[in-house]
Amino acid sequence: MARTHSAKSFAFVCQGWAVFVVCTMMAVAALCQQAGTPTRRKPAVEERQGRSAGPFLRIGGAPTIGPKSAPTGSRISQVVASTSKLQTVTLTNMGDSDLNIANLMITGADAGDFAITGSGTTCSTSNPVPAGGNCTINLMFTPTGGGTRSASLIIADNAPGTPHSVPLSGTGMDFTLSAAPASASVSAGQSASFAVAIAPAGGFAGSVSLQCSGTPALSTCLVSPTTVAVGGTNAASATVTVTTTGSAGGEGVPAPFSGLPVSGLPAGMSLLALIAAACYAFNLWNRGRLAPLDYSGLQRPRNSIPLRLGFAALAVWLACVVGACGSASAPKTTAQRTPAGTSELKITAQAAVGSVTLSHSATVTLTIN
Numbered sequence: 001m002a003r004t005h006s007a008k009s010f011a012f013v014c015q016g017w018a019v020f021v022v023c024t025m026m027a028v029a030a031l032c033q034q035a036g037t038p039t040r041r042k043p044a045v046e047e048r049q050g051r052s053a054g055p056f057l058r059i060g061g062a063p064t065i066g067p068k069s070a071p072t073g074s075r076i077s078q079v080v081a082s083t084s085k086l087q088t089v090t091l092t093n094m095g096d097s098d099l100n101i102a103n104l105m106i107t108g109a110d111a112g113d114f115a116i117t118g119s120g121t122t123c124s125t126s127n128p129v130p131a132g133g134n135c136t137i138n139l140m141f142t143p144t145g146g147g148t149r150s151a152s153l154i155i156a157d158n159a160p161g162t163p164h165s166v167p168l169s170g171t172g173m174d175f176t177l178s179a180a181p182a183s184a185s186v187s188a189g190q191s192a193s194f195a196v197a198i199a200p201a202g203g204f205a206g207s208v209s210l211q212c213s214g215t216p217a218l219s220t221c222l223v224s225p226t227t228v229a230v231g232g233t234n235a236a237s238a239t240v241t242v243t244t245t246g247s248a249g250g251e252g253v254p255a256p257f258s259g260l261p262v263s264g265l266p267a268g269m270s271l272l273a274l275i276a277a278a279c280y281a282f283n284l285w286n287r288g289r290l291a292p293l294d295y296s297g298l299q300r301p302r303n304s305i306p307l308r309l310g311f312a313a314l315a316v317w318l319a320c321v322v323g324a325c326g327s328a329s330a331p332k333t334t335a336q337r338t339p340a341g342t343s344e345l346k347i348t349a350q351a352a353v354g355s356v357t358l359s360h361s362a363t364v365t366l367t368i369n
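Just so you know, we're using the working numbering here: the sequence shown kicks off at 1 and counts up by one.
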């Protein structure tokens, strides 16, 4: 006469830690039938003093993930773009047959922040875990953003309840940068100001340096202060001021005498004066009114005014030729001003944390009328 024993269920117990969870999964006992001589039906699993006839998977792992070891239950943050030390998850086969792993993978919103490393990882699809044996999975955490990062380690195997999921969680240390208003419009000669906010994320604390670039020609950009201290939960603030040059005007003030038509005239006028004086002197000479110079007696010639005029005209003519009086007109001076148009200003914030430099930028638009 056959006797049927009801199945006993064993709980899937998870103890939560800061980053990993430690799970103990118990196999579910199947029905046993007995008719004279006991027989078994697959996939019958029999409880045997705390052990199962099939694979019995127990998952354990490091309680934290971060740059340093920490007591159980604590949470350690990792700087964004830096990699934590290796953390180990251990799979233990508490059953009486081999544990065969079909696949290991990481899924979830931030799966890219966690990675299974080949170094030190002994769990694989090609190496069954014997009864009573174990294997390890080494993980690294490299956050790509600030705040809490989460994913799941998925283990597909031949143990009951497959696939098994191990929640992964870490915190990325970073900061955020914002600027307001997003755009401003001013006239040449005026200034525009933008408010900058720097907020910590994931427990970040440190000094952040600020600078701006992309200003239009003939303008300056001033950041005050250039360095801020960020920490806790409060955001630090700074102000970016862009000062333009000039005002909307005409062509500027002309240089002295620039309005005179000097091009080619001084040399021509002096030449005409020279010719006129020479002709007049020659005419007086012929009339006998101008006596020749007497160098022996050092006598002053009579009526020497025309001769002096001729020499004066010659001197003026030579001066104009040597001084380039006949050159082009002097250019007008033009007042400088920031050209009209639209520019994209880039505000950059950087913080050095160990060997990692965190950098963020914000863009604002400035229009010059």
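We put the CB at the ideal spot given by N, CA and C, even for glycine.
Checklist entry - Can you give the beta carbon distance from Thr233 to Val208, rounded, assuming they're within the 8 Å contact cut? => result Going by Cβ atoms, the distance from Thr233 to Val208 rounds to 16 Å, so no, they are not a contact pair.
* Asked: Any beta-carbon of chain C closer than 8 Å to the one on Phe204?
  -> Here chain C cannot be found, since the structure has a single protein chain.
What's the C-alpha gap between Lys68 and Gly341?
Note that Lys68 scores 25 on pLDDT, short of 50, meaning its location in the model is unreliable; the coordinates nonetheless yield the value given after this. Each residue's alpha carbon lies about 53 Å from the other.
Does the distance from the C-beta atom of Leu210 to that of Ile347 stay below 8 Å?
yes
Opposing strand residues paired with Cys123 [DSSP bridges]: DSSP, once it has assigned bridges, lists no residue as partnering Cys123.
Counted within 10 angstroms of its Cβ, other Cβ atoms place Leu370 as buried (16 or more) or exposed: Not covered by the structure: residue 370. The range shown for the chain is 1 to 369.
For this session: Tell me whether Asp113 sits in a helix, a strand or coil according to DSSP, three-state version.
Result: Looking at Asp113 - three-state DSSP - the assignment turns out to be helix.
Next on the checklist: Less than 8 Å between the beta carbons of Ala188 and Thr338, yes or no?
Outcome noted: yes
query = Do the CB positions of Ile106 and Ala349 come within less than 8 Å of each other?
reply = no
From Ser355 to Thr83, what does the alpha carbon distance come to, in whole angstroms? 11 Å
Worksheet item: Within this structure, are the beta carbons of Met173 and Gln87 separated by less than 8 Å?
Response: No, the Cβ-Cβ distance between Met173 and Gln87 is not below 8 Å.
#### Entry: For Gln78, the residue or residues it bridges with in DSSP
The bridge partners DSSP lists for Gln78 are Gly172.
Which residues in the same chain have their Cβ closer than 8 Å to the Cβ of Thr144, if we skip the five residues on either side of it in sequence? Val80, Ala81, Asp110, Gly112, Asp113 and Gly172
Other residues of its chain near Ser119: CB distance less than 8 Å, five sequence neighbours each side excluded: Leu86 and Asn138
Worksheet item: Taking the DSSP output, what are the residues bridged to Arg337?
Response: Paired residue(s): none; Arg337 is not in a bridge.
With 16 other Cβ atoms within 10 Å as the buried cut-off, status of Gly231
exposed
Thr148 to Ile116 span [Cα, whole Å] = 19 Å
query = Going by Cα to Cα distance, which pick from Leu366, Ser224, Asn103 and Val353 is closest to Leu153?
reply = Answer by Cα proximity: Asn103.
(Q) Contact defined as beta carbons within less than 8 Å: I believe Thr371 pairs with Thr122. What is the distance between those atoms, to the nearest angstrom? (A) Since the displayed the chain opens at 1 and closes at 369, residue 371 lies outside it and no answer follows.
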